[in-house]
Amino acid sequence: AQSVTQLDSQVPVFEEAPVELRCNYSSSVSVYLFWYVQYPNQGLQLLLKYLSGSTLVKGINGFEAEFNKSQTSFHLRKPSVHISDTAEYFCVINAGGTSYGKLTFGQGTILTVHP
Amino acid sequence: IAGITQAPTSQILAAGRRMTLRCTQDMRHNAMYWYRQDLGLGLRLIHYSNTAGTTGKGEVPDGYSVSRANTDDFPLTLASAVPSQTSVYFCASSDSGQGSSGANVLTFGAGSRLTVL
Chain A
1 AQSVTQLDSQ
11 VPVFEEAPVE
21 LRCNYSSSVS
31 VYLFWYVQYP
41 NQGLQLLLKY
51 LSGSTLVKGI
61 NGFEAEFNKS
71 QTSFHLRKPS
81 VHISDTAEYF
91 CVINAGGTSY
101 GKLTFGQGTI
111 LTVHP
Chain B
1001 IAGITQAPTS
1011 QILAAGRRMT
1021 LRCTQDMRHN
1031 AMYWYRQDLG
1041 LGLRLIHYSN
1051 TAGTTGKGEV
1061 PDGYSVSRAN
1071 TDDFPLTLAS
1081 AVPSQTSVYF
1091 CASSDSGQGS
1101 SGANVLTFGA
1111 GSRLTVL
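Which chain is which? The protein sequence lines are A and B, in order.
Each step along the first sequence adds one to the number in my numbering, with nothing skipped, and position 36 is 36.
Each step along the second sequence adds one to the number in my numbering, with nothing skipped, and position 69 is 1069.
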């Protein structure tokens, strides 16, 4: 079985401040990890993904995440946020290359960027 | 613009009524999925289809049915709606591609907000 825990349900920050959205996972096999973003009243879109190789993954809009196997974490970071980054962020796992799209989603973290 | 179209965008439905949420993709993706999104629970898979003509049950399939008569369309039907099915429903698709399917990225529709009274 696999599971994902996003440690913060809401993260408020001021514009231009750094941000980290935390994600821990549990799996007994190798994993693929994703971060998806959902802007208000829209569907989800891929922010970045870790499949293999370098543990530091860069995504769109200046976000990056680091895969830490020993700590089973995949935290999302951005050094300086903008108002437009206000959205809900989902950490997603697929363990062991199982069937298409049978992903496990975290509960979501709502990032609110204040001016 | 290539993507997924869902309809209706929003619907209020009386309990016991039948409802079909429509989903169409124009990317020729093999795999399609239906998720429901509920506050604090993230997204949960209802049903999926790896290719036209086949379907499978996800995490929360009870009360829902799907069909996949062709590549592009993947409707979700609630035979007799109940208030617990009030949710936002997302259709998604992915290209099966080659190699490990677990690496595939999903493309999502904009969602259908359903309220069952």
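Idealized CB from N, CA, C, for every residue including glycine.
Close Cβ partners of V1066/B (< 6 Å) along its chain, the five nearest in sequence each way excluded: Along the second sequence, read from residue 1 onward, the residue named residue 1066/B stands at position 66. Hits under 6 Å: H1047, T1055, L1076.
Where the beta strand (DSSP E) containing Q38/A begins and where it ends: Indexing the first sequence from 1 puts residue 38/A at position 38. Start and end: 31-38.
Under the three-state DSSP convention, the category P1083/B falls into: Start at 1 with the first residue of the second sequence, and residue 1083/B comes out as number 83. In this structure, P1083/B counts as helix in the three-state DSSP scheme.
Meets three-Cβ-pair contact criterion under 8 Å: the region 1001-1015 of chain B and the region 106-114 of chain A: no
In DSSP terms, what E16/A is bridged to: Reading the first sequence from its first residue, position 16 is the one you call residue 16/A. The partner list for E16/A (beta bridge, DSSP) is empty, contrary to what the question assumes.
Backbone CA spacing between D1095/B and G1058/B [nearest angstrom]: Position 95 of the second sequence, counted from the start, is the residue given in the question as residue 1095/B. Position 58 of the second sequence, counted from the start, is the residue given in the question as residue 1058/B. C-alpha separation (whole angstroms): 18 Å.
Neighbourhood of R1017/B by C-beta distance below 6 Å, restricted to the same chain and skipping five residues each side: Numbered from its first residue, the second sequence carries residue 1017/B at position 17. Cβ within range, chain order: A1081.
Selection from W35/A, S27/A, I93/A that minimises the alpha carbon distance to A87/A: Reading the first sequence from its first residue, position 87 is the one you call residue 87/A. Of the listed residues, the one whose Cα sits closest to A87/A is W35/A.
Interface partners of F90/A on chain D, CB under 9 Å: This model lacks chain D altogether, as its protein chains are A and B.
Alpha-carbon to alpha-carbon, N1070/B and V11/A: Counting from one through the first sequence, the residue named residue 11/A turns up at place 11. Counting from one through the second sequence, the residue named residue 1070/B turns up at place 70. Answer to the nearest angstrom: the Cα atoms are 42 Å apart.
For N68/A, the residue or residues it bridges with in DSSP: Walking along the first sequence from the start, residue 68/A turns up at place 68. Answer by DSSP bridge pairing, in chain order: S73/A.
Per-residue contacts from V1105/B into chain A (C-beta, under 8 Å): Reading the second sequence from its first residue, position 105 is the one you call residue 1105/B. Residues of chain A passing the Cβ test: F34, L46, K49.
CB-CB length for T1107/B against M1027/B, believed under 8 Å: The count along the second sequence starts at 1 and reaches residue 1107/B at position 107. The count along the second sequence starts at 1 and reaches residue 1027/B at position 27. Correct: roughly 7 Å between the Cβ atoms.
T84/A - DSSP class collapsed to helix/strand/coil: As a first step, residue 84/A must be located in the first sequence, where it is residue number 84. Correcting the residue type first, residue 84/A is Ser in the shown sequence and not Thr. Here S84/A sits in helix by DSSP.
Buried/exposed call for K58/A, threshold 16 Cβ in 10 Å: Taking the first sequence and counting its residues from 1, the one referred to as residue 58/A is at position 58. Looking at its Cβ environment, which holds fewer than 16 other Cβ atoms inside 10 Å, K58/A is exposed.
Chain A contact residues for G1111/B, given Cβ-Cβ distances below 7 Å: Working through the second sequence from its first residue, we reach residue 1111/B at position 111. Simply G43.
Same chain, Cβ closer than 6 Å to F14/A, neighbours up to 5 away in sequence not counted: Within the first sequence, the letter at position 14 stands for residue 14/A. Contacts found: H114.
Nearest residue (CA-CA) to S1049/B, options G1042/B, L1041/B, L1043/B, Y1035/B: By 1-based counting over the second sequence, the position of residue 1049/B is 49. The candidate whose alpha carbon is nearest that of S1049/B is Y1035/B.
Chain-ordered neighbours of F1108/B on chain A, where CB pairs are closer than 9 Å: Walking along the second sequence from the start, residue 1108/B turns up at place 108. Neighbours of F1108/B on chain A, chain order: Y36, Q38, Q42, G43, L44, Q45.
Interface flag, F1090/B vs chain A, CB-CB below 8 Å: In the second sequence, residue 1090/B corresponds to position 90, counting from 1. Answer yes: the Cβ-Cβ gap between F1090/B and chain A drops below 8 Å somewhere.
Other residues of its chain near L1043/B: CB distance less than 8 Å, five sequence neighbours each side excluded: As a working note, residue 1043/B is residue 43 in the second sequence. Cβ neighbours of L1043/B beyond the five flanking positions: Y1035, R1036, Q1037, F1090.
Continuous beta strand (DSSP E) stretch holding L1117/B: start and end: Looking up residue 1117/B in the second sequence gives position 117. Premise fails: L1117/B is in no beta strand (DSSP E) and is neither H nor E.
Opening and closing residue of the beta strand (DSSP E) in which R1036/B lies: The residue given as residue 1036/B occupies position 36 in the second sequence. First-last of the beta strand (DSSP E) with R1036/B: 1031-1038.
S3/A versus L44/A, S27/A, S52/A, E20/A, residue with shortest Cα-Cα distance: As a working note, residue 3/A is residue 3 in the first sequence. Comparing Cα positions, the closest option is S27/A.
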